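In the order they appear, the protein sequences are chains A and B. Here the first sequence is numbered in the numbering used here, starting from 1 and rising by one per residue. Here the second sequence is numbered in the numbering used here, starting from 1001 and rising by one per residue. Here is the structure we will look at.
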Amino acid sequence: MTTGATTTTGMKLSVSGLNSYYGPAHILFDVGLEVGAGEVVALLGRNGAGKSTTFRSIVGLVAERRGRILFEGEDVSALPTHEIVRRGLGYVPEDRRIFTELTVEENFLVGRQPPRAGAPTWTPEKLYALFPNLGEMRSRLGGRMSGGEQQMLTIGRTLMGNPSLVLLDEPSEGLAPKIVEQMADAILAMKREGLSIVLSEQNLHFARLISDRAYIIEKGRIRFSGSMAELEANPEVRDAYLAV
Amino acid sequence: MEFLVVQFLTGLASAASLFLVASGLSIIFGVTRIVNFAHGAFYMLGAYLAYTLTERLEGAFGFWGGLVLAGLAVAALGALLEIVLLRRIYRAPELFQLLATFGVTLMVQDLVVVIWGPEDLVGRRAPGLRGAVEVFGQMVPSYDLFLIALGPVVLGLLWLVFKRTRWGVLVRAATQDRDMVAALGVNQKWLFTSVFALGVFLAGLGGALQIPRDAVSHAMDLRVIVEVFVVVVIGGLGSVFGAFVAAIVVSELNAFGILVMPKISLVLVFLVMAAVLVVRPWGLFGKPEGPARQAPGVSIRPWRPFSPGERIAVAAGVALAALLPLVAGDYALTVGSEIIIFALFAASLHFLMTVGGLASFGHAAYFGLGAYGAAFAAKAAGLPMEAALLAGPLLGLAGAALFGWFCVRLSGVYFAMLTLAFAQITWSVAFQWVEVTGGDNGILGVWPSPWAAGPRGFYWLALAVSAAGIAALRVLVFSPFGYGLRATRDSVLRAEAIGIDRGRVQWTAFVIAGTFAGVAGALFAFLKGSVFPENLAIPTSVDGLVMVLLGGIETVSGAVVGALVYKALAIWLMSQTELSKLVLGAVIVVLVVAFPKGIVGSVEELRARRNRSEPNGAAFGAAKMEAAE
């Protein structure tokens, strides 16, 4: 297995020509995106644009997909989900999918993987420092937590696998403004640890707080790619593809 | 009083094994979502292996070591089965999983007889626990006291494993959301295999622990699996603690049921199960299932009535069948009558299973009730055949109305297990209530009227009645009621949202299916001139399932084709080999894994592929909407 170093392309994750299907329905059309080491990249788009399907396709949760998915220079598109994840590509689902019957500690235990060279190592203690709310409810059942706490738990659970890159599917969705701020701080802290992050968002304001670059996806196709500054400079792109 | 205490202790001792087996089934279901019908077979293998090992190994260590070794050996076999077979069918509808594991059960039944012989085997007594202990002046076997203590110990150990080990936490996580567990980097394959091995180990150990109490026999698998199904229905599938409580409830009901109603002791268990289901359909400690998986019978190819050309072809086929007596001999006609009767039986099950999406594992109950009803009418009431043929199915109707009322409250595997349990209860009533049913000896001398007494006359009678019955069922499929029924199959929520009373529609379908099965059963009684408990036993139910599956579960006419092919094959097979169960079991497994569309399904597939231009847009559009949600 390669270490956390990026390869000749210089990219941590490089997706190209990704096409996905649910049965006979064609959902993604030649999606491509790249993430450099330590970068925070936003995948922006309206509801149903294909953000979640892109993430699910990358980690192999969509059965029917074609395309090249290079993670740290190696094609992982033929691997089963758990092998992709074990290479250090973490995934945080949009609907959180907390194990509601398990406590906070047990949720972390499920996510635990051995430490990985070139990726930050996480322990429950370190996660309780990142998300102080969770530290106060270590033996609470996942099903008895608020939406914001569950969002923290699902991120922490994925971090327990010591990934070098994380796909964060709509981390701000449905959260109170106060919690959204905390979430942005936490993501910036993760970035400081050296994590590469792709986050999908409908909320441009939230993405603006933390991202270096952005892609815009609409009806399963990538419509825009550029820095946050470039996106700011193109209000017509924003108005055409994003709900404001 | 003292006697009651001892009876209570005996019940508790029986509960130990039952708990082990049921908790194993529950754990496996929790993670893999498979109801492992072969669990009874593993229980039986555990008993046989323990018998052999304890005979070979010396001393106390040999005895206890032999029991554990037997459990481990069975666990290894279970892991092998999981890797070779189950991994291929995890995403299949539950009906296929139940059938495949039932196929394995059939194979094991024959293999056990080949290896250990048909006689019951009496194992060694447990060293150190041969005696009895005096409790309130009554003697209780020490081994029973050991078992009573063992139950809570195993419950505690399982609790520790699930609460205190990472493996246990992973299992509990996978029970809730197995895809998410994979998305966290856990290899599901080995998790599933290890869970299956643990569950099967508990079954094997449960069987091994029985040898000092009971003779080892090759019928113990079906006996225990029915009890286990009752236990998990009462306790709640997936709940180990529920299995513990329900195993005690069922065992005590059995222990005291013998005292209250020695003839029909199972009725007591039935009443309790019915009461639990009315109050808590998912068992005492179970949780409501999430959205059901795809029901059987859902087809991407829209069903349609016969075209005029096909109608002529079918009419010609029936006419041809009616001409058979002109060329065939008496034996061929008797076989032909039997095949035709089973075509009606399969069609009735098809109506419930494919059209209604309700996979019944106990449809033979209504077939058998129809047969017994006809026999009662002919023998006890002295009615002529014509009247008995009308009266008999009424018993099937009554049984379907009673049992169906409970069954349609459930869906999926619960429905399958409950129908099986009801069928088994009906069987045990037929078997135990000797004064009325003749028990094992059945009811003999159920003869047809003189005009239908010859093979020819009866063949024509069977053909006329079955053809009319199958045609009636087919008309129902394309009637407004049939559309409503299919709507409940395809989506309960949407069906209810447009004002369809799901419970009533499914109950009606259950009663219709049961009545037509009763018609087939009544005919069968007059064909054979007798009825026996095996007419409503599990193998007859499974025969029906295999017929529908072989014909093609997604098709309208598959059941009839499947019945013709299967019944002819089975009759031929019986005459060719001693090991018919082994062959039949293998056929079922292969069918499920390699040929799940069945004969008619495959033919339709071919035709569709040849007519690519045929507009298929509607079906694809629907699938697209489904996926986009």
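Where is the CB? At the ideal position from N, CA and C, for every residue including glycine. If you're wondering where the values come from, they're calculated on a predicted model, not measured in any experiment.
In the structure shown, the three-state DSSP call for L1095 (chain B) is helix. Here L165 (chain A) is near G88 (chain A), since their CB atoms are less than 8 Å apart. It is roughly 13 Å from the alpha-carbon of D212 (chain A) to the alpha-carbon of S200 (chain A). Considering only A:L159, A:H205, A:G156 and A:S77, the residue with the shortest C-alpha distance to V62 (chain A) is A:S77. For A1038 (chain B), same chain residues with a beta-carbon under 6 Å away, outside a window of 5 residues either side, are T1101, V1104 and T1105 in chain order. Note on geometry: alpha-carbon atoms of E149 (chain A) and S172 (chain A) lie some 12 Å from one another. Distance from the CA atom of L1390 (chain B) to the CA atom of V1583 (chain B), rounded to whole angstroms, is 37 Å.
Following the DSSP letters along the chain, one finds Q1424 (chain B) inside the alpha helix (DSSP H) bounded by residues G1412 to Q1432. Residue burial is scored here from C-beta neighbours: Y1331 (chain B) has fewer than 16 other C-beta atoms within 10 angstroms and is therefore classed as exposed.
Close CB contacts of L141 (chain A) within its chain, under the 8 Å cut and outside five residues either way in sequence, are with T100, E101, L102 and T103 (chain order). Counting other Cβ atoms within 10 Å of its Cβ, Q1576 (chain B) stays below 16 and is therefore classed as exposed.
At a cut-off of 8 Å between beta-carbon atoms, G1030 (chain B) makes no contact with chain A. In the three-state scheme derived from DSSP, where H, G and I count as helix and E and B as strand, E136 (chain A) is classed as coil. Proximity of the stretch 217–233 of chain A to the stretch 1214–1223 of chain B falls short of the contact definition, fewer than three beta-carbon pairs being nearer than 8 Å. For A1377 (chain B), the closest of B:V1108, B:P1448 and B:Y1051 by C-alpha to C-alpha distance is B:P1448.
Under the three-state reduction of DSSP, F1037 (chain B) is assigned to coil, being neither helix nor strand.
Contact annotation for N1187 (chain B) against chain A: H82 [CB-CB distance below 7 Å, chain order].
The contact set of P93 (chain A) on chain B, defined by CB atoms closer than 8 Å, consists of M1180 and A1183 in chain order. Contact annotation: in the stretch 1153–1166 of chain B, residues whose CB is within less than 7 Å of a CB in chain A are R1166. An exposed status is given to K178 (chain A), since fewer than 16 other beta-carbon atoms sit within 10 Å of its beta-carbon.
In the DSSP assignment, the residues bridged to G36 (chain A) are A:M11.
Residue-level contact by beta carbon fails for E39 (chain A) and chain B, as no gap is shorter than 8 Å. For V1068 (chain B), the closest alpha carbon among the candidates B:N1441, B:G1442, B:G1396 and B:L1202 is that of B:L1202. Residue environment: V1084 (chain B) is assigned as exposed (fewer than 16 neighbouring CB atoms within 10 Å of its CB, all protein chains considered). The stretch 1066–1090 of chain B contains no complete beta strand (DSSP E) run of 3 or more residues. Shown here, T1555 (chain B) sits in coil according to DSSP, grouped into three states, outside any helix or strand.
Assigned with DSSP and collapsed to three states, G1257 (chain B) falls in helix.
Remark: C-beta atoms of F1285 (chain B) and S1348 (chain B) do not approach each other more closely than 8 Å. At least one CB atom of chain B sits nearer than 8 Å to the CB of T100 (chain A). Shown here for V1413 (chain B): same chain residues with a beta carbon closer than 6 Å to its own, the five before and five after excluded, namely V1035 and E1094 in chain order. Residues of chain B with a Cβ closer than 8 Å to the Cβ of L168 (chain A) do not exist; the shortest Cβ-Cβ separation is about 13 Å.
With contacts defined by Cβ atoms closer than 8 Å, L134 (chain A) and M152 (chain A) form a contacting pair. Between the alpha carbons of A1509 (chain B) and R1130 (chain B) lies a gap of roughly 54 Å. Secondary structure of M1139 (chain B) (DSSP, three-state): strand. As summarised for the stretch 1146–1227 of chain B, the continuous alpha helix (DSSP H) elements at least 4 residues long and confined to that stretch are 1166–1176, 1178–1183 and 1188–1208, given in chain order. Judged by their CB atoms, A1132 (chain B) and S1142 (chain B) are nearer to each other than the 8 Å cut-off.
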